[in-house]
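A.B. asks:
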Amino acid sequence: MSSTAPALLVDELVVHYGPRLAVDRVSLALAPGEIVGLLGPNGAGKSTLLLAAAGAVLPTAGAVTIAGHALAGAAAEAKAHVGLADQPPSLYEFFTVAEHLGFVAEARGGAGAGQGEALLDALGLAAVAQRPCRELSFGMRQRVGLAAALVGDVRVVLLDETLNGLDPHATRRATEVIERAAAGGAAVLLSTHLLGVAERVCHRVLLMDQGRLVDERRRDGDAPLSDRVLEQLYVERIADRGVV
């Protein structure tokens with residue numbers, strides 16, 4: 102993990118949906134090569150935070166900087182370096198899987214045009230490369246969304262529960278791909294309810310509740326985070342409000 106300037110910088114971000122406050126003055130920074138987990142209950146604002154950081158939702162206030170480019174003032178340059186896997190995955194349904202990745206690579210300025218095949222192979226999707234996206238199972242769609250988030254010169258990867266619904270083999274492949282992306286210098290912000298995944302792959306974990314970041318835990322050196330510690334932290338810091 103690098104100590105250089107942040108790959109992702111979020112400063113006092115506020116997002117409203119009409120009268121509802123979804124993200125409340127959130128600030129965070131991710132270094133190149135860092136994998137950060139984002140935990141919190143349904144309705145905490147995690148998805149909105151990821152969408153706003155990717156430029157897919159306009160904030161009410163605050164600023165986002167991607168790889169040194171301010172999202173508000175240099176949107177094209179910033180978006181060329183950010184990959185988002187939203188939930189459910191936004192795929193071009195009548196494109197084949199290979200066409201979908203090629204289109205995304207082209208939209209990012211043609212960078213990484215040759216990455217698609219390698220990503221599909223790494224994620225166990227080579228056999229469905231010529232299948233239309235509309236024919237894919239949920240788990241396959243999740244993996245295609247991950248591949249699309251990584252193709253190109255991506256410096257920031259935003260993943261919204263992208264590992265949910267994957268079988269153990271697919272989960273292992275996906276986490277390996279995410280770790281390789283981080284090893285190559287990408288910063289990864291991963292929203293998940295899977296504490297075991299957060300334990301294994303994250304350098305630190307942020308807890309979000311009611312639109313705010315309420316706590317943080319870091320690895321102690323090379324020692325992984327403990328899912329038991331994360332679970333205890335979660336129940337202590339986040340109230341069980343039932344249906345949100």
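If you read the sequence shown in the numbering used here, its first letter stands for residue 102, the second for the next number, and so on.
Beta carbons: idealized from backbone N, C-alpha and C, even for Gly.
#1: Identify the residues that DSSP records as bridge partners of E317: which are they?
#2: Would you tell me roughly how many angstroms separate the C-alpha atoms of H117 and A162, rounded to the nearest one?
#3: How would you call A108, buried or exposed, if buried means at least 16 neighbouring beta carbons within 10 angstroms?
#4: Among V298, R256 and A284, which residue has its Cα nearest to the Cα of G266?
#5: Provide the residue span of the alpha helix (DSSP H) that contains L247, from first to last.
#6: Alpha carbon to alpha carbon, how far is D316 from R232?
#7: Assuming L295 and R242 make a contact with CB atoms under 8 Å, what is their CB distance in whole Å?
#8: Which of the three DSSP states is assigned to Y335 in this structure?
#9: Decide if the segment 271-281 is in contact with the segment 218-227; the criterion is three or more beta carbon pairs, one per stretch, under 8 Å apart.
#10: Here's a check: name, in chain order, each residue in its chain whose Cβ is nearer than 8 Å to the Cβ of V165, leaving out the five neighbours to either side.
#11: Decide if A208 is buried, meaning its Cβ has at least 16 other Cβ atoms within 10 Å, or exposed.
#12: For P107, which of helix, strand or coil comes out of DSSP?
#13: If L260 sits next to A248, beta carbons under 8 Å apart, how far is it from one beta carbon to the other, in whole angstroms?
#14: Count the CB pairs spanning the segment 117-130 and the segment 306-313 that are closer than 8 Å, and state whether there are at least three.
#15: Look up V330 in the DSSP assignment and give the residues it is bridged to.
#16: Does L267 come out as helix, strand or coil in the three-state DSSP assignment?
#17: Does DSSP classify G163 as helix, strand or coil?
#18: With DSSP collapsed to three states, give me the class of H77.
#19: Here's a check: name, in chain order, each residue in its chain whose Cβ is nearer than 6 Å to the Cβ of V183, leaving out the five neighbours to either side.
#20: If you compare alpha carbons, which of A219, L326 and A230 is closest to E200?
#21: For A145, which residues in the same chain have their Cβ closer than 6 Å to its Cβ, ignoring the five residues on either side in sequence?
#22: Cα-Cα, which of A106, I136 and T105 is closest to C365?
#23: Measuring CA to CA, which of A340, T149 and T105 is closest to A132?
#24: On the three-state DSSP scale, how would you describe E262?
C.D. replies: Working from what's here:
#1: Position 216 of the sequence shown, counting from 1, holds the residue named residue 317. L307.
#2: Residue mapping note: residue 117 aligns to position 16 of the sequence shown, counting from 1. Residue mapping note: residue 162 aligns to position 61 of the sequence shown, counting from 1. Roughly 9 Å between the two C-alpha positions.
#3: For the purposes of this step, residue 108 is taken as the residue at position 7 of the sequence shown. The residue is buried, with at least 16 neighbouring Cβ atoms inside 10 Å.
#4: Walking along the sequence shown from the start, residue 266 turns up at place 165. Out of V298, R256 and A284, V298 has the C-alpha closest to the C-alpha of G266.
#5: What you label residue 247 is simply residue 146 of the sequence shown in a count that begins at 1. F239 to L251 is the span of the alpha helix (DSSP H), which, as asked, contains L247.
#6: Within the sequence shown, numbered from 1, the residue matching residue 316 stands at position 215. Within the sequence shown, numbered from 1, the residue matching residue 232 stands at position 131. Going by the C-alpha atoms only, they are around 43 Å apart.
#7: For this step, residue 295 is matched to residue 194 along the sequence shown. For this step, residue 242 is matched to residue 141 along the sequence shown. Between R242 and L295 the Cβ distance is about 18 Å, and since that is not below 8 Å, they are no contact.
#8: Position 234 of the sequence shown, counting from 1, holds the residue named residue 335. Reduced to three states, the DSSP call for Y335 is helix.
#9: yes
#10: Stepping through the sequence shown from its first residue, residue 165 is reached at position 64. Cβ neighbours of V165 beyond the five flanking positions: L109, L110, V111, D112, L114, A153, A154, G156, A171, L172, A173 and A179.
#11: Your numbering for residue 208 matches position 107 in the sequence shown. Its Cβ having fewer than 16 others within 10 Å, A208 is exposed.
#12: Counted from its first residue, the sequence shown places residue 107 at position 6. Three-state DSSP puts P107 in coil, outside helix and strand.
#13: Walking along the sequence shown from the start, residue 260 turns up at place 159. Walking along the sequence shown from the start, residue 248 turns up at place 147. With 8 Å as the limit, L260 and A248 do not qualify as a contact, their Cβ atoms being about 12 Å apart.
#14: yes
#15: Residue mapping note: residue 330 aligns to position 229 of the sequence shown, counting from 1. Paired residues: none, contrary to the question.
#16: Here residue 267 refers to the residue found at position 166 of the sequence shown. DSSP places L267 in coil when its eight states are reduced to three.
#17: Counted from its first residue, the sequence shown places residue 163 at position 62. It is a strand residue.
#18: Residue 77 is absent from the model: the chain starts at 102 and stops at 345.
#19: As a first step, residue 183 must be located in the sequence shown, where it is residue number 82. Hits under 6 Å: A155, I167 and V257.
#20: Along the sequence shown, read from residue 1 onward, the residue named residue 200 stands at position 99. Residue A230 is the option with its Cα nearest to E200.
#21: Residue numbering aside, residue 145 sits at position 44 when the sequence shown is read from its first letter. Around A145: M309 and D310.
#22: The chain is shown from 102 up to 345; residue 365 falls before or after that span and cannot be answered.
#23: In the sequence shown, the residue the question calls residue 132 occupies position 31. A132 has its Cα closest to that of T105, out of A340, T149 and T105.
#24: The residue given as residue 262 occupies position 161 in the sequence shown. In this structure, E262 counts as coil in the three-state DSSP scheme.
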